[in-house]
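In the numbering used here, the protein residues as written are 2 to 208. Glycine is no exception: its CB is placed at the ideal position from the N, C-alpha and C atoms.
Have a look at this one:
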């Protein structure tokens, strides 16, 4: 982080997550321990599915390693249940790479993110006031790749995931803390986005 003259960089941050969310620490020395704890929790009392258990462990380790290589600090996965189903959602916390020599204002970042949108993509970009300060919020819809590359007109449309990003300036630095929320449940996207907004709103800096 590059300190500025006016603020002191925080030592850490704090987020409040609902019950049913599991944290995976992404640093190499903690990653496997976190993944193993989640796998054991999910398969508690299930002794007849060792193959599925190891598949989940390998998949989570791959996801965690990829997130860490991209600057990820920690990954949260939703284990919340709605009836017999688990509500799929995730939150990746990343320290965004420095893209400018001087701190960039949220307003300037919002304009830049809106301008970078791909043709046909229409993300919702706004500047929001959080307890941690002004932040840029970006909501997107993204079609997921289909296993069948030869989709015809009769083939159902590809599944769509919904993501909400919060780019939060880190005081005293030119960096942003990036909170990336995602869910594949487009039919309840508005409700999930409201939950994501509440989690982002709980972000505070610690000395």
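* Reduced DSSP secondary structure (H/G/I, E/B, other) of residue 170 -> The DSSP-derived three-state label of residue 170 is strand.
**Report entry** Residue of 19, 53, 61 and 119 minimising C-alpha distance to residue 88
**Finding:** Of the listed residues, the one whose Cα sits closest to residue 88 is 19.
Using a 10 Å radius around the Cβ and a threshold of 16 neighbouring Cβ atoms, would you call residue 86 buried or exposed?
If you draw a 10 Å sphere on the C-beta of residue 86, you find fewer than 16 other C-beta atoms in it, and that means exposed.
(Q) Between which two residues does the alpha helix (DSSP H) holding residue 65 run? (A) Unbroken alpha helix (DSSP H) run through residue 65: 51 to 70.
message = Helix, strand or coil for residue 130? Go by DSSP, reduced to three states.
response = Strand, per DSSP.
_Give me, in chain order, the residues of the same chain whose beta-carbon lies closer than 7 angstroms to that of residue 38; leave out the 5 immediate sequence neighbours on both sides._
Nothing listed; no residue qualifies.
Do residue 104 and residue 175 have their C-beta atoms within less than 7 angstroms of each other? Yes. Within cutoff.
**Asked** Looking at the unbroken alpha helix (DSSP H) that takes in residue 197, where does it start and where does it end?
**Response** Residue 197 -> alpha helix (DSSP H) spans 190 to 202.
Would you say the segment 136 to 143 touches the segment 161 to 174, given that touching needs at least three Cβ pairs under 8 angstroms? They touch, by the three-pair rule.
*Looking at the structure shown, is residue 106 part of a helix, part of a strand, or coil, going by DSSP?*
Three-state result, residue 106: coil.
Handout entry: Contacts around residue 65, its chain only, beta-carbon distance under 7 angstroms, and the 5 residues preceding and following it disregarded
Key = By the criterion of a C-beta distance shorter than 7 angstroms, residue 65 is surrounded in its chain by 25, 27, 32, 36 and 76, once the five residues flanking it on both sides are discounted.
Query - Of the residues 69, 56 and 187, the one placed nearest residue 30, counting alpha carbons only - result: Comparing Cα-Cα distances from residue 30 to each of 69, 56 and 187, the minimum goes to 69.
According to DSSP, which residues form a beta bridge with residue 86? For residue 86, which the question treats as bridged, DSSP gives the partners 83.
Residue environment, residue 73, which counts as buried when at least 16 other CB atoms sit within 10 Å: In summary, residue 73 is buried, with 16 or more beta-carbon neighbours lying within 10 Å of its beta-carbon over all protein chains present.
With DSSP as the reference, identify every bridge partner of residue 13, one or two as the case may be.
DSSP lists 207 as the bridge partner or partners of residue 13.
Would you give the residue range spanned by the beta strand (DSSP E) that residue 175 belongs to? No beta strand (DSSP E) contains residue 175, which DSSP labels as neither H nor E.
Residue from 57, 16 and 40 with nearest C-alpha to residue 202
Taking each of 57, 16 and 40 in turn and checking the Cα distance to residue 202, the smallest one comes out for 16.
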